Amino acid sequence: KAPAKKAPAKRSGGPSPKYPRHNVEQALRIPEAILKQNAGNPTAPDDAVKYAGGTSAIGRWIVEISSAKKYGFLGTSDGDLTLEDRARRVLLPQEEGDRRNALREAVLSAPDIADVYNHYRGGSLPDSQFLANALIDRFKIPAESVDEFLEIFLASMRSAELLDEEGDQKKLLDVGRETSGKDGAPKVHRAAGKVDAGTSCFVMQPFQAPLGAYYDSVFRPAIEQAGLIAVRADAEIFGTGKIIDQIWRGIQNATVLVAELTTKNPNVFYELGLAHATKKPVILVSSNEDDVPFDLRHIRTIFYDKNDPFWGKKLTDNIADKITSALERPEEAIFNFEV
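Here the sequence shown is numbered in our numbering, starting from 1 and rising by one per residue.
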């Protein structure tokens, strides 16, 4: 008598994860089978599974079909599975970049995966334990699913060419703000009910060119996009009295602060120390990892690449997102230390 097959391990109670249970490449198996064996025509689920090497659309095959739908590769019509344009562009690219762009669309539309990407895009992923904690607390990934989610997330980011693994920390490349609507207009994220009239964001940055010019071209637009008033330690707050007193007032009065760390400017670092001492949420920005002090590298930093022709727009959007996040969850941008 043949030994009985083990039943699949059951998950603990609670709702099923929203994210696709397969990485983006794995989720293409059934769409590819439909394309190759039925010319991409609408296909009954059982037939689609058979084309992919299964017997019928039950058990794990249902989960795989669900994953393909969550990436936007499959749809349904009259009970049949339909091959979506996104899958065709991955499997039968007509132009250079079709496959990569379609894979990016897929991962950036997938539940949970898109949320995590949009939160960390343009910066480094936290160390494994901090990232796991954020997945559970912020993104509501079940604790028992964190390892599975991370495996799927990282594999999908690699496939979509959105993951930079060259340095000490993994970084998510920023391909710009997520879009909504047929016109692709960028979403503007504001912290509803969190911003009062007159709320300010204090910018700590070098004044000399070219960094000084970023205040008007990047930082001010980002801050205003998040619904705050931008303030910098120049003519906007200078008046009678000591400069350091005015800077101190600017820091104390600010709800959120932004620090440009590029070039390791000592004045910026001094102001940053004051901000951290007051337990204010600070958004860190730098063009490179070397300019971020070692003691601050556990804090998420927004990195930008001046060689990217769209770096300014991407940085503006990223800062606006992080300010909104800091308003909603300030503890994530506050430097914690024990006295």
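Backbone N, C-alpha and C define an ideal beta-carbon position, used for all residues, glycine too. Every value quoted in this text rests on a predicted model; they were computed, and no experiment measured them.
When DSSP labels each residue in this structure, what does residue i get in the three-state scheme?
{"i": "Arg100", "result": "helix"}
{"i": "Gly312", "result": "helix"}
{"i": "Thr199", "result": "coil"}
{"i": "His189", "result": "Residue placement at His189 cannot be trusted, given a pLDDT of 41 that sits under 50; what the coordinates show is reported in the next sentence. Residue state, collapsed to three classes: coil."}
{"i": "Leu296", "result": "helix"}
{"i": "Ile152", "result": "helix"}
{"i": "Asn123", "result": "The sequence shown places Gly at residue 123, not Asn. It is a strand residue."}
{"i": "Asp80", "result": "strand"}
{"i": "Asp168", "result": "coil"}
{"i": "Leu91", "result": "helix"}
{"i": "Leu211", "result": "helix"}
{"i": "Leu327", "result": "helix"}
How is the beta strand (DSSP E) around residue i delimited, first residue to last?
{"i": "Val285", "result": "Val282 to Ser286"}
{"i": "Arg232", "result": "Ile229 to Arg232"}
{"i": "Val258", "result": "Val256 to Glu260"}
{"i": "Phe303", "result": "Thr301 to Phe303"}
Quick check on residue i: buried or exposed, where buried means 16 or more other Cβ atoms within 10 Å of its Cβ?
{"i": "Lys314", "result": "buried"}
{"i": "Asp321", "result": "buried"}
{"i": "Pro210", "result": "exposed"}
{"i": "Leu272", "result": "buried"}
{"i": "Asn318", "result": "buried"}
{"i": "Ser12", "result": "Confidence in Ser12 is poor, its pLDDT being 48 and thus under 50, which makes the residue's placement too unreliable to answer from."}
{"i": "Ser67", "result": "buried"}
{"i": "Ala39", "result": "exposed"}
{"i": "Leu135", "result": "buried"}
{"i": "Ser56", "result": "exposed"}
{"i": "Thr76", "result": "exposed"}
{"i": "Val116", "result": "buried"}
Need the endpoints of the alpha helix (DSSP H) that residue i sits in, please.
{"i": "Glu32", "result": "Arg29 to Asn38"}
{"i": "Val268", "result": "Pro266 to Ala277"}
{"i": "Ala222", "result": "Arg220 to Gln225"}
{"i": "Asp137", "result": "Ser128 to Asp137"}
Mind the definition here: the region 120-130 touches the region 158-175 only if three or more C-beta pairs lie below 8 Å; say whether that holds.
yes
Assess, as a yes-or-no matter, whether the region 64-80 is touched by the region 108-118 under the definition of 3 or more beta carbon pairs within less than 8 Å.
yes
Which runs of the beta strand (DSSP E) spanning at least 3 residues fall entirely within the region 37-74, listed in chain order?
none
Count Cβ pairs between the region 18-32 and the region 154-161 that sit closer than 8 Å; are there 3 or more?
yes
Taking 8 Å as the cut-off, does the region 275-288 touch the region 244-259 (at least 3 CB pairs, one atom from each stretch)?
yes
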